[in-house]
Amino acid sequence: MRHLIGLMFSALLLASCGSGGGAGAVSYKRDYWGHRPGPKGFTTVILDAGHGGKDPGAVSRTTGDREKALALDTVKRVQRKLRGKVDVRLMRSDDTFVDLDERVRRASKKDGAILISIHYNAGPGGWNGPENYWWRVDSHGLATRLQHELDKASPYNGPNRGKVRRRLRLTRNPNVPSVLVECGYLSHPGEARRCAEPGYRDRLASAIARAILDQQAKGDPPGPLPKPINKPPSRPTDPPGS
Ligand SMILES: [Zn+2]
Numbered sequence: 001m002r003h004l005i006g007l008m009f010s011a012l013l014l015a016s017c018g019s020g021g022g023a024g025a026v027s028y029k030r031d032y033w034g035h036r037p038g039p040k041g042f043t044t045v046i047l048d049a050g051h052g053g054k055d056p057g058a059v060s061r062t063t064g065d066r067e068k069a070l071a072l073d074t075v076k077r078v079q080r081k082l083r084g085k086v087d088v089r090l091m092r093s094d095d096t097f098v099d100l101d102e103r104v105r106r107a108s109k110k111d112g113a114i115l116i117s118i119h120y121n122a123g124p125g126g127w128n129g130p131e132n133y134w135w136r137v138d139s140h141g142l143a144t145r146l147q148h149e150l151d152k153a154s155p156y157n158g159p160n161r162g163k164v165r166r167r168l169r170l171t172r173n174p175n176v177p178s179v180l181v182e183c184g185y186l187s188h189p190g191e192a193r194r195c196a197e198p199g200y201r202d203r204l205a206s207a208i209a210r211a212i213l214d215q216q217a218k219g220d221p222p223g224p225l226p227k228p229i230n231k232p233p234s235r236p237t238d239p240p241g242s
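To convert, note that position 93 of the sequence shown is 93 in the numbering used here; the numbers rise steadily by one, no gaps.
Given below as structure tokens:
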């Protein structure tokens with residue numbers, strides 16, 4: 001995750017924030033801040049395999065697996081499971097590096113889409129299990145569904161952060177609903193070994209596909225919407241956790 005975290009306020013966006021979000025000299029699209037229920041009936045799913053090329057992401061000390069390869073494999077499994085049910089676009093389909101801001105730009109081009117970015121995690125010793133990162137109000141239901149399905153599919157249930165609201169470049173900056181999925185901790189020896197099994201990754205992919213299709217069919221799960229929070233886009237220079 002550390003690569004995704006950052007912050008620097010642009011004066012322009014601060015000004016627009018202070019005036020209540022979206023008002024003032026800058027005109028944003030209607031859903032710029034994502035203050036609305038999660039989408040139902042969306043037509044396109046953009047699947048983003050985290051990292052790639054020169055950026056391996058997390059590397060397991062137990063198996064030697066690299067996050068970038070496991071993420072791409074998982075994305076392709078999810079794509080197969082969604083085939084014929086929704087239009088699927090891949091952010092990358094091979095071992096290429098794509099800059100985070102370029103990923104945001106590509107995702108934001110497509111109206112009626114959602115973005116799911118798939119990763120494998122690394123963290124404190126003993127941490128394990130799936131996590132989901134979201135920021136926009138319209139991404140909360142999707143993150144809830146993803147966390148629920150992944151928790152059912154994974155025998156690892158923490159300690160971890162679970163479903164967490166965090167302003168990252170891929171959760172805050174795209175102007176479409178967006179969730180960053182951490183499938184499991186490669187820093188946990190047992191979980192790393194499970195993640196190395198194609199059958200286990202297939203189970204995770206089925207869970208992710210199920211959450212996407214449930215959201216497409218039913219919209220948000222029951223429950224109140226989270227409060228809107230207006231903050232400027234995440235920048236690579238942001239301090240961690242801001
Ligand atoms: Zn990652």
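Beta carbons: idealized from backbone N, C-alpha and C, even for Gly.
Inset, instruction - Count the C-beta pairs between the stretch 38 to 45 and the stretch 160 to 173 that are closer than 8 angstroms, then say yes if the count reaches three, no if not. - result: No, they do not touch.
Legend entry - Burial state of residue 217, where buried means 16 or more other Cβ atoms lie within 10 Å: exposed
Legend entry - Endpoints, the alpha helix (DSSP H) within which residue 75 is located: Boundaries of the alpha helix (DSSP H) harbouring residue 75: 67 to 82, taken from the DSSP string.
Inset, instruction - Compare the C-alpha of residue 165 against each of 89, 175, 156 and 179 and name the closest. - result: Out of 89, 175, 156 and 179, 179 has the C-alpha closest to the C-alpha of residue 165.
Legend entry - CB of residue 200 within 8 angstroms of CB of residue 127, strictly: no
Legend entry - Distance, residue 225 Cα to residue 51 Cα: 31 angstroms
Inset, instruction - Determine the burial state of residue 157: buried for a count of at least 16 other Cβ atoms within 10 Å of its Cβ, exposed for fewer. - result: Counting Cβ neighbours within 10 Å, residue 157 comes out exposed, since fewer than 16 surround it.
Legend entry - Residues near residue 68 in its chain [Cβ-Cβ closer than 6 angstroms; skip 5 each side]: 51, 52, 56 and 57
Inset, instruction - Take residue 125 as the anchor and find which of 66, 48, 192 and 118 has the nearest alpha-carbon. - result: 192
Legend entry - Neighbourhood of residue 253 by C-beta, 7 angstroms cutoff - its chain only, sequence neighbours within 5 removed: The structure shown has nothing for residue 253, since the chain only spans 1 to 242.
Legend entry - Three-state class that DSSP yields for residue 141 in the structure shown: In the structure shown, the three-state DSSP call for residue 141 is helix.
Inset, instruction - Please confirm whether any heavy atom of ligand 1 lies closer than 7 angstroms to the CB of residue 67. - result: The nearest non-hydrogen atom of ligand 1 is less than 7 angstroms from the C-beta of residue 67.
Legend entry - Distance cut-off 7 angstroms: residue 188 Cβ against heavy atoms of ligand 1: Checking every heavy atom of ligand 1 against the Cβ of residue 188, none is found closer than 7 angstroms.
Inset, instruction - Jot down the residue ranges of each uninterrupted alpha helix (DSSP H) in the stretch 114 to 175, minimum 4 residues, whole runs only, in chain order. - result: 140 to 153 and 169 to 172
Inset, instruction - For residue 50, verify whether its CB is less than 7 angstroms away from any heavy atom of ligand 1. - result: Yes, the beta carbon of residue 50 sits closer than 7 angstroms to at least one heavy atom of ligand 1.
Inset, instruction - With DSSP as the reference, label residue 87 as helix, strand or coil. - result: strand
Legend entry - Beta-carbon spacing of residue 79, residue 145 below 8 angstroms: no
Inset, instruction - Leaving aside the five residues before and after residue 138 along the sequence, list all residues of the same chain whose C-beta is less than 8 angstroms from its C-beta, in chain order. - result: 31, 34, 35, 36, 37, 38, 39 and 177
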